[in-house]
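The structure appears below as structure tokens.
Protein chains: 4
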Amino acid sequence: MGIILGDHQYGKAENRIVRIVRDSPRHEIRDVNVSSCLRGRFDQAHLTGDQGAVLPTDTQKQTAYAFAKTVGLTSLERYAYALATHFVDDVEPVDQARLELEEFGWERVSVGGVEHDFSWVRTGQEVRTVSVTVEGSGEARRTWITGGLKDLVVLKSSGSEFHGFLADEYTVLEPTSDRIMATSLVAAWRFGPVDIAGFDFDAAYAAIKTAMVETFASFHSLALQQTLYEMGKAAIEAVPELVEVRLSAPNKHHFAYDLEPFGIVNGNEVFHADDRPYGLIQASVIRDDAPDAGPAWRQYSGLV
Amino acid sequence: MGIILGDHQYGKAENRIVRIVRDSPRHEIRDVNVSSCLRGRFDQAHLTGDQGAVLPTDTQKQTAYAFAKTVGLTSLERYAYALATHFVDDVEPVDQARLELEEFGWERVSVGGVEHDFSWVRTGQEVRTVSVTVEGSGEARRTWITGGLKDLVVLKSSGSEFHGFLADEYTVLEPTSDRIMATSLVAAWRFGPVDIAGFDFDAAYAAIKTAMVETFASFHSLALQQTLYEMGKAAIEAVPELVEVRLSAPNKHHFAYDLEPFGIVNGNEVFHADDRPYGLIQASVIRDDAPDAGPAWRQYSGLV
Amino acid sequence: MGIILGDHQYGKAENRIVRIVRDSPRHEIRDVNVSSCLRGRFDQAHLTGDQGAVLPTDTQKQTAYAFAKTVGLTSLERYAYALATHFVDDVEPVDQARLELEEFGWERVSVGGVEHDFSWVRTGQEVRTVSVTVEGSGEARRTWITGGLKDLVVLKSSGSEFHGFLADEYTVLEPTSDRIMATSLVAAWRFGPVDIAGFDFDAAYAAIKTAMVETFASFHSLALQQTLYEMGKAAIEAVPELVEVRLSAPNKHHFAYDLEPFGIVNGNEVFHADDRPYGLIQASVIRDDAPDAGPAWRQYSGLV
Amino acid sequence: MGIILGDHQYGKAENRIVRIVRDSPRHEIRDVNVSSCLRGRFDQAHLTGDQGAVLPTDTQKQTAYAFAKTVGLTSLERYAYALATHFVDDVEPVDQARLELEEFGWERVSVGGVEHDFSWVRTGQEVRTVSVTVEGSGEARRTWITGGLKDLVVLKSSGSEFHGFLADEYTVLEPTSDRIMATSLVAAWRFGPVDIAGFDFDAAYAAIKTAMVETFASFHSLALQQTLYEMGKAAIEAVPELVEVRLSAPNKHHFAYDLEPFGIVNGNEVFHADDRPYGLIQASVIRDDAPDAGPAWRQYSGLV
């Protein structure tokens, strides 16, 4: 038997780039964490240490900062696409490039009711995510784009049931018709064919997030599973360019605290928010004609 | 020489309590992390292991959850005060009780422009903090109350200078007249005498935060030190009940990225947000007639 | 077009179980974080909220704690296998069960040179990981087992070069023939067919870790890529039951600090350990006759 | 009433410095996180933005790296003392300088039983801490030195009782005569007068840690309070130069899991390690002739 090199990839992770636009006294800001990942013919670096095919991760960093100026960050997706196509087109051994971005939101400080020109406060909890994967050049070019969010913490104090479940000899849980449901949502969605140069990804993000949050709030839930499915469906219905939504939802348990020993009726009002363990529910919602996902979900942060 | 017991204290840290009010279909929510700390005559627990004077930390936990129902969490400060006075008044060996709270903010989900009755999304970045320290009973009662916030991340992309500083043989920093200034603010403020039963602490919190953030935005800064002082001063001016404000501000460095090797003019638009090291500036702003702080700043989370 | 449910899975994540063995005055300890994940016919929970096929995550938790007593944790892999086969065999809608474990190491306190019977101190930095995935029952049963570690932080202050790399117009990095190389290693390995009941997984873990760390130390490195490949190869050579090793290595950059402005020769002795960004190198080393990985690498912690 | 500037301090936090000694083929390593804090006449920086008295935090950083070469890190305390005296002696507006260090441990990789010359693996969990505070120059010089550790995680599965405690109407806890006791210890100790140039601080650290861990293991505990007191006492007895030890110990609760519903006798063998809330016990053990602590405990990381 022989031992051989399998899949491999490399890049520069977590370039924390802040891009200001100062064309006018009213600045704009975009705050991103950029990771670039190259896949291609780098076998010799592994097998013999020959770096001749390896563009240093430092160079990838320099390029990410340079493109933040020359291409700009007005659109996260177009910035990522410009970087990815640069690596694939201009660096010979690169077959596929993947850019992963996290965006941290800012809103203008309001001073006496007036938005300030160049002062901001971090907003919300959630982090927006983007990935752009590009393979091949010219006619052979293929592109996969995903969006997403994480750390979106939502809670409803009613409108959630859980009963009628399968029970076995280890089942002690009591059914309930009114519980707190809360999660720190991770979601990612895959776009079908879009006009990268013209599509309004920011508007799509806003529409998807709104669809998800409104569905979480409004939909009477018989199970977190059901709520997730409805949230994914609402997102696809809101943005027809989506072909798939993946959701991962830790069930942030809120246990009604037992106040009976003290003669106090809780009345579903006092809860202990527990840390661990937690239920973890994951689902994909997909168009029945969705194209193959290819490398869209092959994350850089995982294990190869 | 002899070895003796010095200062000591104990309690239950980080009871994560979520309190819903369900008096009407439109729920209310309060989400807090409650730590209780008792100081008093517990020497024998240390010296001989005799627990006769020690109210278990588990009991403190039960009490915190029970009071969340009976006293409620409409006011963080009155809830904390009720717990503190209970421990001092009703548990004989306790001389002083300190309650520390963190509050995590939620805002109602808006569905089609209408606020939802019982669905929320976590809001903002900052965490509100409260401490109430009570000593003695009856005529001898003394109370200290502090408020605060942490993780309030603010940034301004102009209006900040840094020059004219002291230089020695290790000084290589270049002065600048236009830089990004950003921090993740920690602030705490001490109240003078207030009517605990009637004072609107929530309104005070809002006014203090607004004063600080607006000052950060509007004040043209020659130094982070100067900005902090002005923020503290603005807070005291906004809420006359304050006698002191303490501020701790990591200087979250944003370095203009060197794009010259690539023939690109940065123009103060592309920055690397660095993690470590960071400048750390701390200051207290105080009324000249402020009463002695007593145990107001003696935190439970520190070392004794 | 229609919108349909895609892949889905659920379970209980992060049951933090500590198992003591008290058969003799000399106790044993095993400290694990257990996550169970079920895959199967749970569509109705998503589509209609019908929970009839859903074994509650709470039940999975109870089972994990119960098996910690009845099966025990002498072998992480046999414990996980027992849980997985229980879920597949005894819970009708379950087609596949995956158990993921993290283990936190403890070593006995030494008192006056003698190992204590029941007192421990946490040891080392690395966390051991295990996954067992079981599909089908009886003749149709298939099983996949992986091991791994994370947070193994290693550093060498010499014996590492980096030069001869590909350069383009964004390349400013200088080649070096002597640099610090450091990483916080994440590795996972896949076993081929083993006798689950009899194989000594603990011995295999120790042998793999030793092979990796010794290779990191001894192998003169022309690139982190090369070092990773050699570490993976050494692991497979050390434990013939392995068919694949995956490695993910952040390049924890240590930059020689520029002391020239102060007239000081650094001499490759003073380094700034930077946080972000970092190179991230990933590779798989595999036997050329390795069987298909199946669901071995389909992690629960990812997105579906 | 007037608003004035109160206490203030500033510096550079978390310079992560790795110092290699390459005098021979057998390298040495020291890995520290260095924070410097200056106290003095910096009022104008706050009041008017005048930086004339402010040595930039960047300069403090450069100095910390430079001294890592010129003074070296053979002794953490002497390195910190050299920096502190430099700031007090050579920077006119500085009245007091405080250096705080964290040290991360490494041990040599063993290859085939032989220690490697320049390859290391991170060791243990605990982080060593040091502070040196210097005030005044020449005859007026005063110095305070503390040592410490944090994140030292210890557990004993027997030899710990808890009963006879004070009970009130909120007390539901059952007494126990055999429980798991575990903590993640934070300790800090203050030295009395020592010969900074000659004292073996590393040996003192080792002796203190050994005394504490052995006491934790051997001492039969009636309360975590009692164990802490004994640990502090043992430390002072082990190193006569100590005048005070402060300990902060979260009670990392391990709850015996209720397996009765499944007809299983737990037998004190299966535990759930809970995260929050946790008891938090703090105590100081002190010589009865200890000198005043002065600024020894005035941490830089706190609020002013």
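Residue numbers (the numbering used here), protein chains in the order written: chain R, 1 to 304; chain P, 1001 to 1304; chain L, 2001 to 2304; chain V, 3001 to 3304.
For every residue, glycine included, the Cβ atom is placed at its ideal position computed from N, Cα and C.
Report task. With a 10 Å radius around its C-beta and 16 neighbouring C-beta atoms as the bar for buried, classify glycine 2112 (chain L) as buried or exposed. Result -> In the third sequence, counting from the first residue as 1, residue 2112 (chain L) sits at position 112. By the neighbour-count rule (16 or more Cβ atoms within 10 Å), glycine 2112 (chain L) is not buried but exposed.
Report task. Report yes if the CB atom of threonine 2215 (chain L) is closer than 8 Å to the CB atom of glutamate 2230 (chain L), and no otherwise. Result -> Counted from its first residue, the third sequence places residue 2215 (chain L) at position 215. Counted from its first residue, the third sequence places residue 2230 (chain L) at position 230. Cβ atoms of threonine 2215 (chain L) and glutamate 2230 (chain L): closer than 8 Å.
Report task. Give the straight-line distance between the Cα atoms of histidine 1973 (chain L) and tyrosine 278 (chain R), rounded to the nearest whole angstrom. Result -> Given a span of 2001 to 2304 for chain L in the structure shown, any question on residue 1973 (chain L) remains unanswerable.
Requested in this report: Measure the C-alpha to C-alpha separation of lysine 2252 (chain L) and glutamine 2226 (chain L) and round it to an integer number of angstroms.
Outcome: To locate residue 2252 (chain L), count along the third sequence from 1; it is residue 252. To locate residue 2226 (chain L), count along the third sequence from 1; it is residue 226. Each residue's alpha carbon lies about 16 Å from the other.
Query - Coil, strand or helix - alanine 1252 (chain P) by DSSP - result: For the purposes of this step, residue 1252 (chain P) is taken as the residue at position 252 of the second sequence. Looking at the sequence shown, residue 1252 (chain P) is not alanine but lysine. Per DSSP, reduced to three states, the secondary structure at lysine 1252 (chain P) is coil, with no helix or strand assignment.
Report task. Please classify isoleucine 1180 (chain P): does DSSP put it in a helix, a strand, or coil? Result -> Within the second sequence, numbered from 1, the residue matching residue 1180 (chain P) stands at position 180. For isoleucine 1180 (chain P), the three-state secondary structure derived from DSSP is coil.
Report task. Could you give the DSSP three-state label for valine 3134 (chain V): helix, strand or coil? Result -> Taking the fourth sequence and counting its residues from 1, one reaches residue 3134 (chain V) at position 134. For valine 3134 (chain V), the three-state secondary structure derived from DSSP is strand.
**Report entry** Sequence-distant residues of its chain with Cβ nearer than 6 Å to valine 3032 (chain V) (five each side left out)
**Finding:** The sequence position of residue 3032 (chain V) within the fourth sequence is 32, counting from 1. For valine 3032 (chain V), where only same-chain residues beyond five positions count, the Cβ hits under 6 Å are Ile3017, Leu3101 and Glu3103.
Query - Proximal residues of chain V, C-beta to C-beta of histidine 1163 (chain P) below 8 Å - result: Counting from one through the second sequence, the residue named residue 1163 (chain P) turns up at place 163. Per Cβ cutoff of 8 Å: Gln3051.
Query raised in the report: Quick one: what's got a C-beta closer than 6 Å to aspartate 1050 (chain P)'s C-beta in the same chain, skipping five residues either side?
Result: Translated into the one-based positions of the second sequence, residue 1050 (chain P) becomes position 50. Within the same chain, aspartate 1050 (chain P) has close Cβ partners Gln1044.
Report task. Report yes if the C-beta distance between histidine 2008 (chain L) and alanine 84 (chain R) is below 8 Å; otherwise report no. Result -> Numbered from its first residue, the third sequence carries residue 2008 (chain L) at position 8. Numbered from its first residue, the first sequence carries residue 84 (chain R) at position 84. No, they are not a contact pair.
**Report entry** Closest residue to proline 3250 (chain V) among V:Gly3267, V:His3086, V:Val3154 and V:Ser3301 (Cα-Cα distance)
**Finding:** Reading the fourth sequence from its first residue, position 250 is the one you call residue 3250 (chain V). Nearest in C-alpha terms to proline 3250 (chain V), of all of V:Gly3267, V:His3086, V:Val3154 and V:Ser3301, is V:Val3154.
Query raised in the report: Based on the DSSP secondary-structure assignment, which residues constitute the bridge partners of leucine 3101 (chain V)?
Result: Locating residue 3101 (chain V) in the fourth sequence gives position 101, counting from the first residue. According to DSSP, leucine 3101 (chain V) bridges with V:Val3034 and V:Val3130.
Query raised in the report: Does glutamate 2102 (chain L) have its Cβ less than 8 Å from a Cβ in chain V?
Result: For the purposes of this step, residue 2102 (chain L) is taken as residue 102 along the third sequence, with counting starting at 1. When Cβ-Cβ separations below 8 Å define contact, glutamate 2102 (chain L) makes no contact with chain V.
Query raised in the report: To the nearest whole angstrom, what separates the beta carbons of tyrosine 1170 (chain P) and glutamine 3062 (chain V), a pair I think is in contact under 8 Å?
Result: In the second sequence, residue 1170 (chain P) corresponds to position 170, counting from 1. In the fourth sequence, residue 3062 (chain V) corresponds to position 62, counting from 1. Right, their Cβ atoms sit about 4 Å apart.
Query raised in the report: Between L:Glu2014, L:Gly2002 and L:Tyr2010, which lies nearest to arginine 276 (chain R) when the distance is taken from Cα to Cα?
Result: Numbered from 1 along the first sequence, position 276 holds the residue referred to as residue 276 (chain R). It is L:Glu2014.
Report task. Taking all protein chains shown into account, decide if aspartate 2200 (chain L) is buried (16 or more other Cβ within 10 angstroms of its Cβ) or exposed. Result -> In the third sequence, counting from the first residue as 1, residue 2200 (chain L) sits at position 200. Exposed, since its Cβ has fewer than 16 Cβ neighbours within 10 Å.
Query raised in the report: Starting from alanine 1283 (chain P) and walking both ways along the beta strand (DSSP E), at which residues does that stretch end?
Result: On the second sequence, residue 1283 (chain P) is found 283 positions in, with the first residue counted as 1. Counting along the chain, the beta strand (DSSP E) containing alanine 1283 (chain P) begins and ends at 1278-1287.
Requested in this report: Using a cut-off of 7 Å between C-beta atoms, extract the partners of serine 1284 (chain P) located in chain V.
Outcome: The count along the second sequence starts at 1 and reaches residue 1284 (chain P) at position 284. For serine 1284 (chain P), the neighbours in chain V by C-beta distance under 7 Å run, in chain order, Gly3006, Asp3007, His3008 and Val3304.
Report task. Label aspartate 23 (chain R) either buried or exposed according to how many other C-beta atoms from any shown protein chain fall within 10 Å of its C-beta, with 16 as the threshold for buried. Result -> Numbered from 1 along the first sequence, position 23 holds the residue referred to as residue 23 (chain R). Looking at its Cβ environment, which holds fewer than 16 other Cβ atoms inside 10 Å, aspartate 23 (chain R) is exposed.
Query - Member of P:Leu1280, P:Gly1072, P:His1254 and P:Asp1202 whose CA lies at the smallest distance from the CA of leucine 1149 (chain P) - result: Within the second sequence, the letter at position 149 stands for residue 1149 (chain P). Of P:Leu1280, P:Gly1072, P:His1254 and P:Asp1202, the residue nearest in Cα terms is P:Asp1202.
Requested in this report: Whole angstroms is fine: what's the gap from isoleucine 2020 (chain L)'s alpha carbon to valine 3265 (chain V)'s?
Outcome: For this step, residue 2020 (chain L) is matched to residue 20 along the third sequence. For this step, residue 3265 (chain V) is matched to residue 265 along the fourth sequence. Looking at the two C-alpha atoms, the distance is approximately 14 Å.
**Report entry** Where alanine 187 (chain R) falls, given that 16 or more other Cβ within 10 Å makes a residue buried
**Finding:** Taking the first residue of the first sequence as 1, we reach residue 187 (chain R) at position 187. Buried, by the Cβ-count rule.
Query raised in the report: Which residues, in order along the region 1245-1261 of chain P, keep a beta-carbon less than 7 Å from a beta-carbon of chain L?
Result: The residues in question are Pro1261.
Query raised in the report: In chain order, what residues of the same chain lie with their CB nearer than 6 Å to the CB of proline 1093 (chain P), ignoring the 5 residues before and after it?
Result: To locate residue 1093 (chain P), count along the second sequence from 1; it is residue 93. If we look at proline 1093 (chain P) and ignore the five residues flanking it on each side, its Cβ neighbours are Gly1040, Arg1041 and Ala1053.
Report task. Please classify valine 114 (chain R): is it buried, with 16 or more other beta-carbons within 10 angstroms of its beta-carbon, or exposed? Result -> Translated into the one-based positions of the first sequence, residue 114 (chain R) becomes position 114. Using a 10 angstroms sphere on the CB of valine 114 (chain R), the tally of other CB atoms stays under 16, which defines it as exposed.
Query raised in the report: Looking at the C-beta of lysine 3209 (chain V), does it have a partner C-beta in chain P at a distance below 8 Å?
Result: As a working note, residue 3209 (chain V) is residue 209 in the fourth sequence. No - not a single Cβ of chain P is within 8 Å of the one on lysine 3209 (chain V).
Query raised in the report: So what does DSSP say about arginine 298 (chain R), is it helix, strand or coil?
Result: Along the first sequence, read from residue 1 onward, the residue named residue 298 (chain R) stands at position 298. Looking at arginine 298 (chain R) - three-state DSSP - the assignment turns out to be coil, as it is neither helix nor strand.
Query raised in the report: Could you give the distance in angstroms between the alpha-carbon of alanine 2293 (chain L) and the alpha-carbon of alanine 2097 (chain L)?
Result: Taking the first residue of the third sequence as 1, we reach residue 2293 (chain L) at position 293. Taking the first residue of the third sequence as 1, we reach residue 2097 (chain L) at position 97. Cα to Cα, the separation comes out at about 16 Å.
Query raised in the report: Which residues of chain R have a Cβ atom closer than 9 Å to the Cβ of aspartate 3319 (chain V), listed in chain order?
Result: The requested residue 3319 (chain V) does not occur in the structure, where chain V is confined to residues 3001 to 3304.
Requested in this report: Please compile the residues from chain V whose C-beta is within a distance smaller than 7 Å of the C-beta of aspartate 1058 (chain P).
Outcome: On the second sequence, residue 1058 (chain P) is found 58 positions in, with the first residue counted as 1. Against aspartate 1058 (chain P), the close residues of chain V are Leu3173, in the order they occur along the chain (beta-carbon pairs closer than 7 Å).
Query raised in the report: For alanine 1290 (chain P), which option in P:Val1132, P:Phe1191 and P:Asp1151 has the closest C-alpha, if you only look at C-alpha atoms?
Result: The sequence position of residue 1290 (chain P) within the second sequence is 290, counting from 1. Closest by alpha carbon: P:Phe1191.
Query - DSSP three-state assignment for tyrosine 3065 (chain V), whether helix, strand or coil - result: Taking the fourth sequence and counting its residues from 1, one reaches residue 3065 (chain V) at position 65. Residue state, collapsed to three classes: helix.
Report task. Can you pull the chain P residues whose beta carbon is under 9 Å from the beta carbon of leucine 3222 (chain V), in chain order? Result -> Residue numbering aside, residue 3222 (chain V) sits at position 222 when the fourth sequence is read from its first letter. Near leucine 3222 (chain V) (Cβ distances below 9 Å), the residues of chain P are Ala1045, Thr1048, Gly1049, Asp1050 and Gln1051.
Query raised in the report: Going by alpha carbons, who is nearest to arginine 1141 (chain P) out of P:His1086, P:Arg1298, P:Phe1219 and P:His1254?
Result: On the second sequence, position 141 is the one that residue 1141 (chain P) refers to. Of P:His1086, P:Arg1298, P:Phe1219 and P:His1254, the residue nearest in Cα terms is P:His1086.
Requested in this report: Measure from the alpha carbon of leucine 2099 (chain L) to the alpha carbon of each residue in L:His2046, L:Lys2012 and L:Thr2074, then state which is nearest.
Outcome: On the third sequence, position 99 is the one that residue 2099 (chain L) refers to. Minimum Cα-Cα distance from leucine 2099 (chain L) among the listed residues L:His2046, L:Lys2012 and L:Thr2074 corresponds to L:Lys2012.
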